[in-house]
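In the working numbering, the protein residues as written are 50 to 463.
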């Protein structure tokens with residue numbers, strides 16, 4: 050109706066539209082700028098040309114005279130962006146480098162010997178220092194729209210809770226993890242899942258959707274297949290040994306109450322204190338294997354440790370060693386650990402205590418020491434360890450804030 054009304058008033062509406070059409074990404078002609086913002090776009094576009102025309106220069110002079118503060122802000126923003134784009138300009142306060150001495154001292158104090166770190170905090174700095182600064186120190190959060198039904202995080206929580214109580218019962222019964230015990234394990238799983246899923250929406254705080262019954266069935270099929278695979282032959286963890294496999298411990302917490310943390314010596318950066326929680330530890334003959342369940346399928350291979358992006362399994366293996374030291378009659382050593390994806394039932398990452406694994410752990414300590422010394426000096430520069438889709442990670446809520454997609458790589462270090 051509106052368009053027909055326009056056509057009645059303007060018989061040449063089609064011709065006017067075609068004549069004055071502004072293509073996507075283009076700007077209006079200087080004499081058609083209808084606001085200060087449009088005028089600024091016209092001037093910016095014109096000044097970037099090899100030679101500005103008279104109309105652009107006249108509009109530029111008008112902006113300077115009538116909107117001086119507005120144009121000054123634009124010029125300041127352009128200068129900041131230009132430094133970000135420049136491979137010759139070092140990082141500054143607009144790209145994560147603190148310059149105020151009081152702020153640097155505050156950062157050093159916050160990240161000093163008394164801080165209790167988690168693996169995820171250390172991973173954030175390893176992925177990108179600015180990501181750590183924005184999320185962990187400034188505690189910025191993206192505005193999230195409320196979700197209907199369960200989210201990916203809810204699925205992860207339910208998976209972990211069901212497997213925790215299932216393997217706790219399997220361990221209490223002293224069951225060996227082998228094919229002849231699979232049906233007993235599956236019976237335990239189903240009983241546990243029934244109880245957990247009945248109260249999950251209320252406990253986790255989500256409203257079940259109309260597909261809740263089908264969603265529970267899908268979740269149960271994946272967990273059923275996971276446990277069946279765990280009890281299969283050949284043993285999925287056979288790379289760590291060939292002896293009898295049993296559940297050694299479930300949900301092993303360390304440092305969560307501010308005590309019983311592990312201490313990691315980082316040389317010049319000093320010792321740091323670390324807390325965490327291990328999903329499960331299995332015993333295979335005379336060795337232990339750390340197991341961390343994953344709902345997401347992003348690979349976490351040894352290269353992540355070597356490059357200083359993910360320290361979780363190294364820290365968990367060290368925590369398991371400390372636990373083992375308190376068990377005089379226990380196994381002799383910790384053979385390594387796995388990130389076990391529940392949906393695909395495959396390992397998305399492993400760490401073995403062989404020469405390659407020890408080399409990766411040594412490199413990781415060096416990365417951590419360098420990171421901490423830089424952070425205590427106020428260095429949270431936007432230098433992603435690796436780019437994924439022009440971001441430091443596949444998902445980062447600060448990617449539009451840090452401007453890493455346009456930041457020049459290999460900026461000079463002072």
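Yeah, the Cβ is synthetic: ideal placement off N, Cα and C, and Gly gets one too. As the structure is a prediction and not an experimental result, all values here were calculated from the model.
Discussion item. Pull the bridge partners of residue 342 from the DSSP assignment, please.
Written reply: As DSSP reads the structure, residue 342 sits in a beta bridge with 389.
Worksheet item: CA-CA distance, residue 457 and residue 181?
Response: CA-to-CA, the gap between residue 457 and residue 181 works out to about 20 Å.
Practice prompt. Sort out for me which residues DSSP pairs residue 336 with in a bridge.
Written response: Partner(s): 333, 382.
Practice prompt. Measure the beta-carbon distance from residue 340 to residue 387 and round it to whole angstroms, keeping in mind my assumption that it falls under 8 Å.
Written response: At roughly 6 Å, the Cβ-Cβ gap stays under 8 Å, so residue 340 and residue 387 are in contact.
Worksheet item: Between which two residues does the beta strand (DSSP E) containing residue 296 stretch?
Response: Annotation for residue 296: the continuous beta strand (DSSP E) segment containing it runs 294–303.
Worksheet item: Between residue 140 and the rest of its own chain, which residues show a CB-CB distance below 6 Å, the 5 nearest in sequence each way excluded?
Response: Only residues of its own chain outside the window of five on either side were considered, and among them 146, 430, 460 have a CB closer than 6 Å to the CB of residue 140, listed in chain order.
Worksheet item: So, helix, strand or coil for residue 377, using DSSP?
Response: Collapsing the DSSP output to three states places residue 377 in coil.
Worksheet item: Contact check, residue 94 vs residue 76 under 8 Å by CB: the rounded distance?
Response: Correct: roughly 5 Å between the Cβ atoms.
Worksheet item: Short check: CB of residue 329 to CB of residue 299, under 8 Å?
Response: With contacts defined as CB atoms closer than 8 Å, residue 329 and residue 299 qualify as a contacting pair.
Worksheet item: Rounded C-beta distance between residue 92 and residue 65? I'm assuming under 8 Å.
Response: At roughly 26 Å, the Cβ-Cβ gap does not stay under 8 Å, so residue 92 and residue 65 are not in contact.
Worksheet item: Can you tell which of 301, 149, 397, 124 has its C-alpha closest to the C-alpha of residue 346?
Response: Comparing Cα-Cα distances from residue 346 to each of 301, 149, 397, 124, the minimum goes to 397.
Practice prompt. Mind checking which residues open and close the beta strand (DSSP E) that includes residue 312?
Written response: Here the beta strand (DSSP E) through residue 312 covers 311–314.
Worksheet item: Of all the options 200, 270, 254, which has the alpha carbon lying nearest to the alpha carbon of residue 242?
Response: Out of 200, 270, 254, 270 has the C-alpha closest to the C-alpha of residue 242.
Worksheet item: For residue 455, is the classification buried or exposed, using 16 other Cβ atoms within 10 angstroms of its Cβ as the cut-off for buried?
Response: Exposed.
Worksheet item: Going by Cα to Cα distance, which pick from 226, 272, 257 is closest to residue 297?
Response: Ranking 226, 272, 257 by CA distance to the CA of residue 297 puts 226 first.
Worksheet item: Which of helix, strand or coil does DSSP assign to residue 395?
Response: DSSP places residue 395 in coil when its eight states are reduced to three.
Fill in: Start-to-end residues for the beta strand (DSSP E) that takes in residue 165
Residue 165: member of the beta strand (DSSP E) spanning 165–167, first to last residue.
Discussion item. Suppose you measure from the CA of residue 176 to the CA of residue 185; what does that come to, to the nearest Å?
Written reply: Roughly 13 Å separates the two Cα atoms.
Discussion item. Going by DSSP in three states, residue 217 sits in which element: helix, strand or coil?
Written reply: Residue state, collapsed to three classes: helix.
Worksheet item: Does the stretch 146–166 come close enough to the stretch 390–406 that 3 or more CB-CB pairs lie under 8 Å?
Response: Output reads no: the stretch 146–166 does not touch the stretch 390–406.
Practice prompt. Compute the beta-carbon to beta-carbon distance between residue 452 and residue 133, rounded to the nearest angstrom, for a pair I have assumed lies under 8 Å.
Written response: Yes, residue 452 and residue 133 are in contact; Cβ-Cβ is about 6 Å, under 8 Å.
Practice prompt. Reducing DSSP to helix, strand and coil, say where residue 428 ends up.
Written response: Three-state result, residue 428: strand.
Worksheet item: Which residues in the same chain as residue 423 place their Cβ atom closer than 6 Å to its Cβ, once the five residues preceding and following it in sequence are excluded?
Response: Cβ neighbours of residue 423 beyond the five flanking positions: none.
Worksheet item: Got a sec, what are the start and stop residues for the alpha helix (DSSP H) residue 177 sits in?
Response: Per DSSP, residue 177 lies in no alpha helix (DSSP H) and is assigned neither H nor E.
Item to complete: Determine contact between the stretch 193–206 and the stretch 241–260, defined as no fewer than three beta-carbon pairs at a distance below 8 Å.
Response: Between the stretch 193–206 and the stretch 241–260, the count of Cβ pairs shorter than 8 Å is three or higher; the stretches touch.
Worksheet item: Run through DSSP, which three-state label would residue 139 get?
Response: Of the three classes helix, strand and coil, the one that applies to residue 139 here is coil, per DSSP.
Practice prompt. Check residue 227 in the structure and name its three-state DSSP category.
Written response: Under the three-state reduction of DSSP output, residue 227 falls in the coil class, being neither helix nor strand.
Worksheet entry | residue 97 versus residue 127: straight-line alpha-carbon distance, rounded | Note on geometry: alpha-carbon atoms of residue 97 and residue 127 lie some 12 Å from one another.
Worksheet item: Which residues in the same chain have their Cβ closer than 6 Å to the Cβ of residue 263, if we skip the five residues on either side of it in sequence?
Response: So no residue of the chain qualifies.
Discussion item. Between the alpha carbons of residue 514 and residue 89, how many angstroms are there, rounded?
Written reply: The structure shown does not extend to residue 514, since the chain spans only 50 to 463, so no value can be given for it.
Fill in: Residue from 59, 110, 191 whose Cα sits closest to the Cα of residue 450
That would be 191, whose Cα lies nearest to the Cα of residue 450.
Item to complete: Using 10 angstroms around the beta-carbon of residue 284, count the other beta-carbons present and answer buried if the total reaches 16, otherwise exposed.
Response: The residue is buried, with at least 16 neighbouring Cβ atoms inside 10 Å.
Worksheet entry | Cβ neighbour criterion (16 or more within 10 Å) applied to residue 312 | Taking every protein chain shown into account, the CB of residue 312 has fewer than 16 other CB atoms within 10 angstroms, so this residue is exposed.
Item to complete: Look at the alpha carbon of residue 223 and the alpha carbon of residue 239, and state the distance between them as a whole number of angstroms.
Response: Taken atom to atom, the span from the alpha-carbon of residue 223 to that of residue 239 is near 19 Å.
Practice prompt. Could you tell me which of 417, 68, 337 sits nearest to residue 369, measuring between CA atoms?
Written response: Nearest to residue 369 by C-alpha distance, out of 417, 68, 337, is 337.
Worksheet item: What is the rounded straight-line gap between the Cα of residue 208 and the Cα of residue 324?
Response: A straight line joining the alpha-carbon of residue 208 with that of residue 324 spans about 22 Å.
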